[in-house]
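Under the numbering used here, think of the first position of the sequence shown as 891, with each following residue one higher. First comes the structure, then the notes that go with it.
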Amino acid sequence: LLAISFFFSFGHTYLLNYASQKIIFTLRETLFSHIQNMSLSFFDKNPVGRLVTRVSNDMDNINEMFTNVLVSSIKDFLLLGGTVVVMAIIDIKLTLICFTTIPLVLLSASLFRKKARQVQRDVKVKIAKINATLAENINGMKIIQIFNKQKGIYDDFDVINKDFLDSSIEETHVYAIFRPTMNLAYSLSLALLLWFGGGDAIKGIVELGVLVAFITYTQQFFRPIMDLSEKFNILQSSMASAERIFLLLDEQVAVKNPEQPKVLTPENFRGEIA
């Protein structure tokens, strides 16, 4: 069984990573080709640093979601489903006791998702602003030094950098609340199980072995939830990056020369992946 599990885990990990890398490859080529065919007025309104952030940083965030979140999340969800089924078969009453904190988990995840998405959007906008400012200032460093504007440029960058720092600290606050909430839900489930299940075990209603098994299954049930809570940051970051990328892809391209190579668009993106 261990040998079979090894080969299935290898195949599962390899196939998902291969598919994710193909998606990122196609998406990056689509985005770069799309940028190449934008009108000149588009580049007047969008600094180079911002576009570089879309192709590099934001694409890396999506890649991290595929490689670190998607692969393990599928396994975690399967483990959750299997644990629930086994627990329900052994003792439905203890199962319901263990799951009394699930509403707390769902409520926390829902509130966290809304707050984290907004924070991640702010972080992405401000890091793009930093990159755009750096690209413009470094490219124009000769002009800045000729007119002795170093101090003013530094002060402007300091304001932008502090804005990014404030957003990053706010992001830390959000995630610092979410993970302990998941630990609280697990601790409450374990406490309720020991209180009610322990009483039934003393009275002889439930076998001691069943109670010990449920303690193990409760730990096994919450372990994937803890893993998902740790990776929720990556998921929200990648979703915010995806929003920025597809907003850029939705921009209308300039009139193309028939002799130019084919440009991938959001409409034929799925076909290219296939």
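Cβ atoms here follow ideal geometry from the backbone N, Cα and C, with glycine treated the same way. Remember, predicted model here, so these are calculated numbers, not experimental data.
My output table needs one value for residue i: the three-state DSSP class, helix, strand or coil.
i: Pro1148; result: Note that Pro1148 scores a pLDDT of 47, beneath 50, so its modelled location is shaky; the value from the coordinates is reported in the next line. Looking at Pro1148 - three-state DSSP - the assignment turns out to be coil, as it is neither helix nor strand.
i: Ala1164; result: Confidence at Ala1164 is low in this model, with a pLDDT of 48, below 50, so the placement of that residue is unreliable and no value is reported for it.
i: Lys1032; result: helix
i: Pro937; result: coil
i: Ser929; result: coil
i: Lys1041; result: helix
i: Asp1140; result: coil
i: Leu891; result: coil
i: Asp981; result: coil
i: Val995; result: helix
i: Val1100; result: helix
i: Gly1094; result: coil
Report the CB separation of residue i from residue j in whole angstroms; it is logged as a contact under 8 Å.
i: Leu1011; j: Ala1130; result: A quick correction: the sequence has Arg, not Leu, at residue 1011. Right, the Cβ-Cβ distance comes to about 5 Å (below 8 Å), so this counts as a contact.
i: Leu1080; j: Ile1105; result: 7 Å
i: Met928; j: Glu1133; result: Actually they do not touch by this definition, with Cβ atoms about 19 Å apart.
i: Ala1006; j: Gln1110; result: The pair is not a contact, with the Cβ atoms about 26 Å apart (cut-off 8 Å).
i: Ala893; j: Ile980; result: Actually they are not in contact, since the Cβ atoms of Ala893 and Ile980 sit about 28 Å apart, beyond 8 Å.
i: Val959; j: Leu906; result: Not a contact, Cβ separation roughly 11 Å.
i: Asn1021; j: Ile1043; result: The Cβ separation is near 15 Å, so there is no contact.
i: Thr1023; j: Phe1047; result: 6 Å
i: Thr957; j: Ser910; result: 6 Å
i: Val1143; j: His924; result: 7 Å
i: Gly976; j: Tyr1107; result: Rather than Gly, the amino acid found at residue 976 in this sequence is Val. About 7 Å; that satisfies the 8 Å criterion.
i: Phe1068; j: Ser998; result: 6 Å
i: Ile1135; j: Asp934; result: Between Asp934 and Ile1135 the Cβ distance is about 21 Å, and since that is not below 8 Å, they are no contact.
i: Leu930; j: Leu1139; result: 19 Å between Cβ atoms; not a contact.
i: Arg995; j: Met1072; result: In the sequence on display, residue 995 carries Val and not Arg. Correct: roughly 7 Å between the Cβ atoms.
Item to check | Three-pair Cβ contact test at 8 Å for the region 896-905 versus the region 929-947 | outcome: The region 896-905 makes no contact with the region 929-947: fewer than 3 CB pairs, one atom from each, lie closer than 8 Å.
Next on the checklist: Under 8 Å, with one C-beta from each stretch per pair, do the region 1015-1034 and the region 1043-1056 reach the 3-pair mark?
Outcome noted: Contact between the region 1015-1034 and the region 1043-1056 is present, because at least three Cβ pairs lie under 8 Å.
Item to check | Stretch-stretch touch, CB-based, cutoff 8 Å, three pairs: the region 1117-1124 with the region 924-940 | outcome: With a cut-off of 8 Å, the region 924-940 and the region 1117-1124 do not count as touching, because too few Cβ pairs lie within range.
Checklist entry - Do the region 1068-1077 and the region 1106-1115 meet, that is, are 3 or more Cβ pairs less than 8 Å apart? => result Yes, the region 1068-1077 touches the region 1106-1115.
Checklist entry - Are at least three pairs of beta-carbons, each pair with one atom in the region 981-989 and one in the region 1087-1102, less than 8 Å apart? => result Yes: the two stretches touch, three or more of their Cβ pairs being nearer than 8 Å.
Next on the checklist: Contact between the region 950-960 and the region 1027-1042 is defined here as three or more beta-carbon pairs at a separation below 8 Å; is this criterion met?
Outcome noted: Judged by pairs of C-beta atoms under 8 Å, the region 950-960 does not touch the region 1027-1042, as fewer than three such pairs exist.
Checklist entry - Fully enclosed by the region 999-1031, which alpha helix (DSSP H) runs are 4 residues long or longer? => result If we require 4 residues or more, the region 999-1031 turns out to have no alpha helix (DSSP H) run fully inside it.
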